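*Asks:* Dumping the structure here so I can ask a few things about it.
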Amino acid sequence: MESEQSMLVGGARYYQMQSEPLSSTISSSAESTRIFDELPKATIVSVSRPDAGDISPMLLSYTIEFRYKQFKWRLMKKASQVFYLHFALKRRLFIEEIHEKQEQVKEWLQNLGIGEHAPVVQDDDEPDDDALLLQQDESVKNRDVPSSAALPVIRPALGKQSSMSDRAKVCKFLEVSKLSFSPEYGPKLKEDYVMAKHLPKLAKDDDSDKCCACHWFNCCNDNWQKVWAVLKPGFLALLADPLDTKPLDIIVFDVLPALAGNTEGRASLAAEVKERNPLRHAFKVTCGSRSVRLRTKSSGKAKDWVAAINDAGLRPPEGWCHPHRFGSFAPQRGLTEDGSQAQWFVDGRAAFDAIASSIEDAKSEIFICGWWLCPELYLRRPFHEQASSRLDALLEAKAKQGVQIYILLYKELALALKINSVYSKRKLLSIHENVRVLRYPDHFSTGVYLWSHHEKLVIVDYQICFIGGLDLCFGRYDTHEHKVGDNPPSVWPGKDYYNPRESEPNSWEDTVKDELDRGKYPRMPWHDIHCALWGPSCRDVARHFVQRWNYAKRNKAPYEEAIPLLMPQQHMVIPHYMGRSKEIEFESKNVEENKKGIKRRDSFSSGSSLQDIPLLLSQEAKELDSCTLSPKSNGLDTTASKSVSFAFGKSKIEPAVADTPMKGFVDDLRSSDLYNEKSSDVKWQPEAELSDSDWWEMQERAAQGGFVDEAGQVGPRTSCRCQIIRSVSQWSAGTSQIEESIHCAYCSLIDKAEHFVYIENQFFISGLSGDEIIRNRVLEALYRRIMRAYNDKKCFRVIIVIPLLPGFQGGLDDAGAASVRAIMHWQYRTICRGQNSILHNLYDLLGPKAHDYISFYGLRAHGKLFDGGPVATSPVYVHSKVMIIDDRAALIGSANINDRSLLGSRDSEIGVLIEDKEFVDSWMGGNPWKAGKFALSLRLALWSEHLGLHRGEINQIIDPIIDSSYKDIWVGTAKMNTTIYQDVFSCVPSDLIHSRLALRQSIVYWKERLGHTTIDLGIAPTKLESYHNGEVKQVDPMERLKSVRGHLVSFPLDFMCKEDLRPVFNESEYYASPQVFH
């Protein structure tokens, strides 16, 4: 007889469950289905009975607290349920022991009293919560629960029973499954069997659920099937059984709409449903565009499910169904030390190298989402030395190692775009069976023709994600040099030598074949910004991908088993902060009621004498033999998931000295002056001053991983506050309402800016208050902020960098370039033309001083197309989507500043707001200023590239708003570069060309003089003519171009100012919706 051991824990008596030898009949398959790798611990919290006068032990209700690793949960079980489970499992053990003596089984079972006279219950697996164990023999009713009928009998859940049904009984009793203790899915909440009708028919090994008549008449409704439901803080999953890990269906919780007339109340996530048959009990779960109806065995169970689901999704303010700042689905991260970190990349070389390294380090899964994806893209150059860095080669190598790869592509309208996503899908699917690809949307079935999926995401192992403006496609790779030529090809092979202004390839399949004559036409340099995220915000981005993937799966491939549903991971950070606690706890409302019930007269405290009540837990305890349940022996991998360290992020991260957000930045858009609410003040704490050499050393430390050799392309990996923001709606992500948190964040950040706003974007199309055509209000926020600074007589700068021309094919005077002219119309309407433009309104009040507050710029590069070849120039295509505020916050993402990206109901977008919490001494307006490491280093990197500054010159632009940096360096450099380019190339666009007639004349002149020309007049003559003291001199154009600093040029505000650039009736664009262009 084993010694009896017990101990008191927190006032309750705790008993460790008894170990038993493993049966020799255990199979390897049983080992693989093990749920626990060590025995859970159990504590009786309270015992109660409905009637104090009834001493029947079968009526007792036990509240049991279970602990397993960092998980803790409570169950209320009747003695009848424990009694039933005990004998059901003992019966199975007896059957296994005597299976060779089948002739004696019936007699032995009858002698034991668990054969023909077994208790009658309402559930096939165990008695219902409201059911009592029934027995004809009164002696059974008054029988004490055996002291050893305790939790040692749950050992079948550990794989000791070879029968699946026995393990299912234990899983139901303990409410556990294979997903219960997966830390990546968060705390253990509620689990149980439910009935579902909407699922495809499940394959059954037997027909035990049918009544006898079903074998002849099929009288039962087979549409309802029993499935295992798992509730986690972020989702409700339905599984075929508790030992399965592949969901049959999943509802990922998302922000619910507000109740009508109530701005704070939310619609319910779950609600009871009244059935026609009073013996049936159902509830429904509604989230996004879906509503799922489920049934339970009793009304009490339905109520419990409804309460648990609503609590998990709606618990304010952290629940996923509760909107967060800016109306975003994701909360702010980094408010505690939760591992939130960010790192920026300028231009494609640095970002692509980092993405390649992360893919190479992938261990479990990779998510990729893009507007355009080219499998043949080389992520490292020179391409002939980096064959293994080709995207399809990288993915193939990881897929063969077992990494699961999920790729979500935008399915374009072929008549409008030539990105050929069907070719990309075919190419990717041919790589390996572990690569899954979905294209969305289907235009005819969804009715979506005008809008696109515009996000650019790469997520690796839920540990690191990349977000920003860079698609994994041709034309995006570039460096800070922004070269215009590559002949012979070494950096940009085939169609990667890309200039959409000159020609858009009709086919991307023959990728090694050049589309352009490299000796005549320059490539279009590409300027972009990307960033990497670690920590909870990375999981928020992954959650967005999972939501979109599942929505596309249900619409495109609902019955295709090769395309699985995904479950969002959210280990310990969902969605609220649990600090450094090692335990995940969940206390249901029922448990709170149980605690109150302890105080009732008819309840027993857990501290009561053991003689007062029948024992539920055996006092026979023995330490578990370590060899019986070791991870090695039971086939479970118990290693905790580890965060992936990124090689290029080895720079030292100093602790934050200020733990308060930027002034007013915690406020929602609705807190801005635009929405008649107030801001808040903060105090900044000092930190070491950032010197000129410190900044360069910071960049060099960031590049220690060997990803770049030019300083300024990779930022420091910085601890910061992050919040994921997005633009989605029902068509794009299946949400129940439109989310425009990117738009709200833009307006709020501008409104709260103290000193300057720096914007780089592919488009700048916005409207002032009262504009009935353009609906986004970024322009209104800028206008109001500038007027407030003017009225307060304070210095405030807005600097906006956009492409000089839209990146679409066709010369401005070509008949087929109506799209280019239409976009130009909407941008000039925003900037300077007409009563809806910002400069027009500012000029009316400020006069010429308007340029002291806001100015617009572009980028341009030049070089020889090959050694000894012609000198060419091309606009640098600004594709970045970034806004920097006061050197303390940065918004980076995929969204353009136009209605398509910002309204939420059109293109789907994603971005991140990064607020610094590590600060350095800097200057602002001639006064000391605490600047954030992330935002300041990003701005300095961008400005040094655009201005062509060297290492010793960075200190000149530390203060971005004083005249010596803003007017003398920034504005002065832009004007000087613009003048030089005009003198050498007479290039387009230009402030000197006001009409299409003038443009035609210029094109004809240069074509006659040079013999050929590019579409935007980008070829220099062999010699320039200059006049000096009345004499004409021949000058080499490269000599003149040596005076160009960086790439910054002025945006031509007067270009084509005498033309109406809108489409006319004989152009097909005239009949398209104007919303397509703005």
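Note that the UniProt record's numbering gives residue 73 to position 73 of the sequence shown, counting from 1, and the numbers run on in steps of one. The beta carbon of each residue, even a glycine, is placed where N, CA and C say it ideally should be. A quick note: this is a predicted structure, and the numbers were derived from the prediction, not measured.
Per DSSP, His527 forms a beta bridge with which residues?
*Replies:* Answer by DSSP bridge pairing, in chain order: Val878.
*Asks:* Could I get the ranges of all uninterrupted beta strand (DSSP E) runs contained in the region 737-785, with 3 residues as the minimum, in chain order?
*Replies:* 756-760
*Asks:* Under 7 Å Cβ to Cβ from Gly1040, same chain only, skipping five residues before and after it: list those, please.
*Replies:* Reading off the sequence, residue 1040 comes out as Arg, not Gly. Once the five neighbours on either side are set aside, the close Cβ partners of Arg1040 are Ile980, Asp983, Val984, Leu1024.
*Asks:* So is the beta-carbon of Ile957 under 7 Å away from any non-hydrogen atom of the ligand GTP?
*Replies:* Judged by which ligands are present, the structure shown has none, so any question about the ligand GTP falls away.
*Asks:* For the beta strand (DSSP E) containing Gly863, list its first residue and its last residue.
*Replies:* It spans 854-864 - the beta strand (DSSP E) in which Gly863 sits, taken as one unbroken run.
*Asks:* Excluding five sequence neighbours on each side, which residues of the same chain lie with their C-beta closer than 8 Å to the C-beta of Cys538?
*Replies:* Ile459, Tyr462, Gln463, Ile464, Cys465
*Asks:* Considering only the alpha carbon of each residue, which of Pro183, Ala42, Lys178 lies closest to Gln70?
*Replies:* Pro183
*Asks:* Mind checking who Cys720 pairs with in its DSSP beta bridge?
*Replies:* Asp916
*Asks:* Is the beta carbon of Ala350 sitting closer than 8 Å to the one on Leu533?
*Replies:* no
*Asks:* Please state whether DSSP places Cys987 in a helix, a strand or coil.
*Replies:* coil
*Asks:* Going by other Cβ atoms of all chains shown within 10 Å of its Cβ, with 16 needed for buried, is Glu1059 buried or exposed?
*Replies:* With 16 or more other Cβ atoms within 10 Å, it is buried.
*Asks:* Can you name, in chain order, every residue of its own chain whose Cβ lies under 6 Å from the Cβ of Leu429, other than the five neighbours on each side?
*Replies:* Val437
*Asks:* Indicate whether Lys556 and Asp442 have their beta-carbon atoms separated by less than 8 Å.
*Replies:* yes
*Asks:* Just verifying my parser: in three-state terms, what is the DSSP assignment at Trp923?
*Replies:* strand
*Asks:* Is the CB-CB distance between Gly1018 and Ala861 below 8 Å?
*Replies:* no
*Asks:* Which residues mark the beginning and the end of the alpha helix (DSSP H) in which Cys538 is found?
*Replies:* Note, Cys538: alpha helix (DSSP H), 536-556.
*Asks:* Measure the C-alpha to C-alpha separation of Asp125 and Leu199 and round it to an integer number of angstroms.
*Replies:* Residue placement at Asp125 cannot be trusted, given a pLDDT of 43 that sits under 50; what the coordinates show is reported in the next sentence. Near 22 Å, if we compare the C-alpha coordinates of Leu199 and Asp125.
*Asks:* Apply the 10 Å Cβ neighbour rule to Leu415 and answer buried if 16 or more other Cβ atoms are within range, or exposed otherwise.
*Replies:* exposed
*Asks:* Counting Cβ pairs closer than 8 Å, one from the region 916-925 and one from the region 943-950, do we hit at least three?
*Replies:* No, they do not touch.
*Asks:* Going by beta carbon distance, what residues of the same chain come within less than 6 Å of Pro960, once the five residues before and after it are set aside?
*Replies:* Phe756
*Asks:* Would you mind working out which of Ile831, Arg74, Val170, Phe66 sits nearest Phe83, comparing C-alpha positions?
*Replies:* Val170
*Asks:* Tell me which residues share the same chain as Glu592 and place their Cβ nearer than 8 Å to its Cβ, disregarding the 5 neighbours each side in the sequence.
*Replies:* In this predicted model, Glu592 has a pLDDT of only 41, less than 50, meaning its place in the structure is not dependable enough to derive any value.
*Asks:* Alpha carbons only, please: which of Ala42, Met824, Thr43, Phe474 is nearest the one belonging to Lys418?
*Replies:* Phe474
*Asks:* I'd like the ranges of any alpha helix (DSSP H) spanning at least 4 consecutive residues and lying wholly in the region 932-975.
*Replies:* Taking 4 residues as the shortest admissible run, the region 932-975 contains the following complete alpha helix (DSSP H) segments, listed from N- to C-terminal end: 933-947.
*Asks:* In three-state DSSP terms, what is residue 1100?
*Replies:* Because residue 1100 is not part of the residues shown, which for the chain are 1 to 1078, the question remains open.
*Asks:* Considering only residues of the same chain and omitting the five flanking positions on each side of Val546, which have a CB-CB separation below 6 Å?
*Replies:* Leu566, Pro568
*Asks:* Provide the residue(s) that pair with Gly893 in DSSP beta bridges, ordered along the chain.
*Replies:* Gly911
*Asks:* Less than 7 Å between C-beta atoms, sequence neighbours within five positions excluded: which residues of the same chain meet that for Pro500?
*Replies:* Answer for Pro500: Met524, Gly807, Phe808, Gln809, listed in chain order.
*Asks:* In its own chain, which residues sit with a C-beta less than 6 Å from the C-beta of Thr973, not counting the 5 before and 5 after it?
*Replies:* Leu947, Arg1045, Leu1048
*Asks:* Between Ala267, Val273, Trp492, which lies nearest to Pro382 when the distance is taken from Cα to Cα?
*Replies:* Trp492
*Asks:* Tell me whether Glu191 sits in a helix, a strand or coil according to DSSP, three-state version.
*Replies:* strand
*Asks:* Sort out for me which residues DSSP pairs Tyr440 with in a bridge.
*Replies:* Tyr410
*Asks:* Can you tell which of Asp867, Ser986, Cys374, Val876 has its C-alpha closest to the C-alpha of His480?
*Replies:* Val876
*Asks:* Using the C-alpha atoms, what's the distance from Lys495 back to Pro505?
*Replies:* 8 Å
*Asks:* Helix, strand or coil for Ala703? Go by DSSP, reduced to three states.
*Replies:* Here the model assigns Ala703 a pLDDT of 41, short of 50, so the residue's position is not dependable, and the following value carries that caveat. Secondary structure at Ala703: coil, using DSSP grouped into helix, strand and coil.
*Asks:* Between Gln225, Gly313, Gln332, which lies nearest to Pro257 when the distance is taken from Cα to Cα?
*Replies:* Gly313
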